[in-house]
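Worksheet: one structure, shown below.
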Amino acid sequence: MHDFIVGMAGSGGDGIVSAGESLIGAALAEGYYGILTKSFGSQIRGGESSCRLRLATQPVLNPGGTLDVAVVLNWEDFRRFGGELPVDARTLVIYEAKTKVEPTALPLGGVTPAAAVAVPMEQMALQSAGAQLAKNNVVLGLLAAWFGLPRERILAGIRKKFARKGEAVLAGNERAFAAGFEYAERTPLPAARRLAPAVPAAGPMQLTDGNELCARAALFAGCRFFGGYPITPATEIMQHLQRDIWKHGGSLLQAEDEIAGVGAAVGASFAGKKAMTATSGPGFSLKAEMLGLASVAELPLVCVDVQRGGPSTGMPTKREQSDLFAAVFSAHGDTVRPVLAPTTVADTFEVTVEAFNLAEEYQTPVIVLSDQELAQRKEIVPAIDPARFRVVDRRVPAGEELKDYRRFRFTDTGVSPLSHPGLPGGNYLAAGIEHDESGAPTANGEMHARMNDKRLHKFAPLQERRDLFVLEGEPDAAIGLISWGSVAGIALEALRQARAEGIEIKLLVPKLLYPVAVPVYRDFFAGLDRCYVVEQSHQGQLHRLIRMWADVPPEFGVLAKSGANPISPEEIVAQIRAMTRARAAAVRRH
Amino acid sequence: MISPSEDAAACPAPALTAKDFRSDLKPIWCPGCGDYGVVTALYRALAAIGRPAHEIAFVSGIGCSSRIPGYTTAYGFNSVHGRALPIAQGIKMANPELLVLVAGGDGDGFSIGGGHVPHAIRRNPDLTYLVMDNQIYGLTKGQVSPTSARGTQSPTSVYGSMEEPVNPLLYVLAYGAGFVAQGVPADMDGLTKIIEEAIRYPGFSFVNIQSPCISFGSPDNQIKNQKAKLRKLSDLGHDPTNRLRAMELAQDYGRELYTGVFYRNPNPPPTYERRIAELQGRLAAPGATGA
Chain A
16 MHDFIVGMAG SGGDGIVSAG ESLIGAALAE GYYGILTKSF GSQIRGGESS
66 CRLRLATQPV LNPGGTLDVA VVLNWEDFRR FGGELPVDAR TLVIYEAKTK
116 VEPTALPLGG VTPAAAVAVP MEQMALQSAG AQLAKNNVVL GLLAAWFGLP
166 RERILAGIRK KFARKGEAVL AGNERAFAAG FEYAERTPLP AARRLAPAVP
216 AAGPMQLTDG NELCARAALF AGCRFFGGYP ITPATEIMQH LQRDIWKHGG
266 SLLQAEDEIA GVGAAVGASF AGKKAMTATS GPGFSLKAEM LGLASVAELP
316 LVCVDVQRGG PSTGMPTKRE QSDLFAAVFS AHGDTVRPVL APTTVADTFE
366 VTVEAFNLAE EYQTPVIVLS DQELAQRKEI VPAIDPARFR VVDRRVPAGE
416 ELKDYRRFRF TDTGVSPLSH PGLPGGNYLA AGIEHDESGA PTANGEMHAR
466 MNDKRLHKFA PLQERRDLFV LEGEPDAAIG LISWGSVAGI ALEALRQARA
516 EGIEIKLLVP KLLYPVAVPV YRDFFAGLDR CYVVEQSHQG QLHRLIRMWA
566 DVPPEFGVLA KSGANPISPE EIVAQIRAMT RARAAAVRRH
Chain B
264 MISPSEDAAA CPAPALTAKD FRSDLKPIWC PGCGDYGVVT ALYRALAAIG
314 RPAHEIAFVS GIGCSSRIPG YTTAYGFNSV HGRALPIAQG IKMANPELLV
364 LVAGGDGDGF SIGGGHVPHA IRRNPDLTYL VMDNQIYGLT KGQVSPTSAR
414 GTQSPTSVYG SMEEPVNPLL YVLAYGAGFV AQGVPADMDG LTKIIEEAIR
464 YPGFSFVNIQ SPCISFGSPD NQIKNQKAKL RKLSDLGHDP TNRLRAMELA
514 QDYGRELYTG VFYRNPNPPP TYERRIAELQ GRLAAPGATG A
């Protein structure tokens with residue numbers, strides 16, 4: 016097999032997530048592609064934990080749907096993850112024999128898997144390592160032997176991980192791995208399947224996640240100030256920057272609250288530095304007023320919202336795409352702020368750099384809508400080649416422009432040179448209050464309208480940023496899909512499956528969500544009579560946003576699903592088949 | 264950072280005057296407002312300090328007093344209600360060479376923005392925070408404010424307010440500010456000197472300015488009455504290095520009108536930006552991994 020999905024669940028101390036990390040580390044070393052997603056209950060420590068690992072010989076687009084293999088250390092914990100670890104008739108279930116469940120009576124809600132094998136994992140750990148903690152390494156041994164995973168790479172990982180814990184602990188864990196491996200060799204599975212050998216990529220690969228790449232992209236783009244507040248699942252962005260930003264002469268403020276975090280970033284931008292804040296839903300709501308201030312003061316700012324399940328506290332550790340309305344419509348008054356969304360882990364780098372570029376070029380806050388899935392899943396991706404990216408700096412006034420300098424001067428582009436404290440002659444008043452060209456406060460209706468025009472007009476070039484859209488499939492297809500963020504990778508896989516079935520279809524993935532680039536949608540919708548937007552929000556927020564701005568095809572529907580449980584490629588393919596049938600029926604009627 | 268006096272000695276420039284800091288904007292304040300005195304004292308203090316206007320960043324929130332940056336020639340930032348301190352800290356961290364001033368009213372600083380004050384103080388950035396305390400929300404026409412005396416009757420407390428006022432001086436002393444003073448526009452020379460001293464203090468400095476609201480404030484607090492009531496701490500023989508005594512005196516906020524320096528830390532600790540520069544230097548050093 017070329018694509019292998021294993022899901023594992025257990026209690027906090029069972030080391031399930033750690034086993035997943037060992038496997039993906041080994042896969043990277045061997046040259047496989049892969050995605051590891053971790054999922055936890057909302058407990059801080061302990062409670063249930065799980066991971067899902069997809070390994071493949073080709074690049075993978077998403078963490079996958081139904082599990083090929085489920086490893087169950089504890090049935091209660093496994094079942095808590097519900098649709099995050101879906102099992103069906105294709106799945107092989109490996110479970111802890113100690114749970115004393117008959118293979119014919121698994122508590123899987125009526126689903127009969129392909130096969131079920133009870134293994135005394137805990138007993139093997141106790142016998143081999145003298146500690147039940149070692150059972151995750153028993154699991155690794157079982158998986159390595161049964162599915163042809165790279166044994167030596169996994170062992171190397173175990174040695175590295177336990178090297179610091181002393182000879183005895185290391186030897187125990189190596190024995191646990193061997194015990195699992197030998198057990199699997201002695202006990203062949205009903206239908207043995209092995210992962211095909213890796214086909215390593217030409218260039219170097221790395222194991223990373225969206226939050227790390229966001230932080231690295233920020234530094235690359237020239238970010239020299241970060242203000243923020245800890246919040247799941249965005250905190251790692253601040254943690255990564257905290258290690259490195261000082262080395263670049265920058266600084267970071269863990270502020271007293273979300274408002275102060277973004278406020279300090281606005282201040283740093285006013286002072287001439289590229290600045291960023293990062294948060295998740297609840298923090299984003301708090302930052303809204305500052306976003307309005309930065310829009311009216313025309314100050315560059317990047318604000319990352321790593322979306323999680325909302326509203327309110329919602330589900331902090333789960334995936335959802337339900338902050339789109341908040342991002343687009345946050346803050347009162349007539350303002351536009353560009354909203355960008357990465358679609359893959361690797362994309363997070365590119366989109367973050369683009370966010371800084373747009374912020375500096377158009378002197379505006381730019382919102383990056385990442386999501387828990389992209390932000391925290393570990394993925395094997397190509398090493399970033401910074402030479403591929405351009406970096407834009409703000410237009411600072413110089414020479415003649417500093418004589419009779421007017422900060423908000425009306426220009427053809429709507430963008431006026433931006434000075435900063437310390438620059439002689441550039442002195443001005445930045446303000447949230449409406450102002451004239453010089454920055455002086457005004458309550459004049461004509462001036463207010465002109466300034467609103469200026470602040471809107473400057474984004475006109477974004478309407479033609481086709482490079483911020485991905486188009487896949489048959490350009491002349493009559494049915495189409497639109498998807499965004501982490502769900503786009505699932506939609507793309509579904510598109511490929513449908514095309515393999517002979518269905519003509521195309522897919523549009525916007526990385527620029529707002530302002531809605533009407534010409535791009537107009538071209539995509541030309542000749543389409545059915546289109547569905549696939550997204551992880553209850554109301555179908557992108558679907559509704561597009562309708563506000565663009566003329567849509569006769570049938571313009573939405574496959575929208577609340578967060579936590581991923582949308583599977585199978586669900587999307589089913590929708591595509593339904594569209595195809597409906598279209599065929601309509602053609603017959605005419 | 265180079266002190267202003269050394270700076271002047273190193274490169275002689277024409278001496279700055281108060282006029283150099285006055286902008287063309289006409290204040291929106293009511294005739295007789297205490298804030299006129301404050302901005303005049305500030306012009307004089309800035310002239311004495313001698314830093315050119317483009318090296319000054321002056322941040323405020325929202326309120327009558329928060330209009331003040333626009334009346335100076337400095338780089339101003341009239342931001343949103345209650346958030347001047349976080350913005351000012353971002354400015355100072357981004358460019359430690361700037362002279363950073365923050366101003367606002369009592370509502371801005373001790374009500375909506377009250378949560379930022381202790382954190383700014385514990386970080387100790389070298390900036391000066393001027394609060395124009397008039398015990399009323401003037402811009403919205405006279406509602407009770409966090410420093411209004413209990414029983415204050417206002418459009419939102421027609422039967423008299425039921426809360427005790429906050430005590431800005433005691434709060435800020437307790438939070439650990441290194442420089443705490445109070446001034447009044449009734450004593451322009453004193454106020455100018457206090458602002459100048461606050462700016463010169465290397466760290467977070469706080470000046471509470473009893474700046475009366477002519478339109479909605481209590482008649483007892485107007486400039487004429489201030490002249491009669493004010494008691495200079497220097498005349499009382501107060502030792503400004505004595506923090507506990509400063510806190511005792513600060514307890515009389517709302518009863519006595521003390522002016523002058525309540526507390527000046529004789530051994531100023533390193534500023535926030537100094538600590539940041541040290542970290543940056545350490546991590547940038549050859550061979551440093553920082554990890």
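Order-wise, the sequence lines are chains A and B.
When we follow the numbering used here, the leftmost residue of the first sequence carries the number 16, and every step to the right adds one.
When we follow the numbering used here, the leftmost residue of the second sequence carries the number 264, and every step to the right adds one.
We put the CB at the ideal spot given by N, CA and C, even for glycine.
Buried versus exposed, by CB contacts within 10 Å (16 or more), residue i
i, result
"A/P118", "exposed"
"A/Y618", "In the structure displayed, chain A extends from 16 to 605; residue 618 of chain A sits before or after that span and is not available."
"B/S323", "buried"
"B/K282", "exposed"
"A/D408", "exposed"
"B/L305", "buried"
"B/K495", "exposed"
"B/R346", "buried"
"B/Q514", "exposed"
"A/V406", "exposed"
"A/P412", "buried"
"A/I20", "buried"
"A/K115", "exposed"
"A/G28", "exposed"
"B/S474", "buried"
"A/D468", "exposed"
Contacting residues, own chain, Cβ-Cβ under 8 Å from residue i (five flanking each side not counted)
i, result
"B/A437", "M510"
"A/R465", "F425"
"B/L288", "G333 and Y334"
"B/R413", "G423, S424, M425, E426, E427 and P428"
For residue j and residue i, believed in contact at Cβ under 8 Å, the rounded distance
i, j, result
"B/L361", "A/P436", "5 Å"
"A/A199", "A/A160", "3 Å"
"A/A283", "B/I354", "7 Å"
"A/A341", "A/L355", "Not quite, the Cβ-Cβ distance comes to about 15 Å (not below 8 Å), so this is no contact."
"A/S54", "A/S65", "5 Å"
"B/T522", "B/L493", "5 Å"
"B/F467", "B/L402", "No, B/F467 and B/L402 are not in contact; Cβ-Cβ is about 26 Å, not under 8 Å."
Euclidean distance between Cα positions of residue i and residue j
i, j, result
"B/I328", "B/G367", "Checking the sequence shown, residue 328 of chain B turns out to be Ser, not Ile. For B/S328 and B/G367, the distance between alpha carbons rounds to 5 Å."
"B/P448", "B/Q489", "9 Å"
"A/K113", "A/W90", "11 Å"
"A/E376", "A/R410", "7 Å"
"A/V281", "A/A290", "7 Å"
"A/I382", "A/F344", "11 Å"
"A/G30", "A/G97", "20 Å"
"A/D6", "A/A361", "The requested residue 6 of chain A does not occur in the structure, where chain A is confined to residues 16 to 605."
"A/S552", "A/G325", "9 Å"
"B/D450", "B/S408", "24 Å"
Cutoff 7 Å; reference residue i; Cβ partners in own chain excluding five residues on either side
i, result
"A/A506", "L496, S498, L522, V549 and I587"
"B/V443", "L432, V435, L436, F469, A509, F525 and Y526"
"A/E508", "L76, N77 and P584"
"A/L417", "G440 and G441"
"A/V533", "Q478, W564 and A565"
"A/G298", "Y244, I246 and E273"
Contacting residues, own chain, Cβ-Cβ under 6 Å from residue i (five flanking each side not counted)
i, result
"A/E519", "E489 and A492"
"B/S420", "V407"
"A/L158", "L164"
Given a limit of 8 Å on CB to CB distance, which residues of the region 231-244 of chain A reach chain B? R239, F240 and G242
Using a beta-carbon distance cut-off of less than 7 Å, what residues from the region 376-395 of chain B approach chain A? G378, H379 and H382
Against chain B: residues of the region 406-420 of chain A by CB proximity under 9 Å: none
Where the region 280-294 of chain A meets chain B: residues whose CB sits under 9 Å from a CB there: A280, V281, G282, A283, S284, F285, A286, G287, K288 and A290
By the 8 Å beta-carbon criterion, what residues does the region 454-487 of chain B contribute toward chain A? none
If contact means a Cβ-Cβ distance below 8 Å, which residues of the region 295-306 of chain A contact chain B? E304 and M305
What are the residues of the region 435-452 of chain A that lie near chain B, defined by any Cβ-Cβ distance shorter than 8 Å? H435, P436, G437, L438, P439, G440, G441, N442, Y443, L444, A445, A446, G447 and I448
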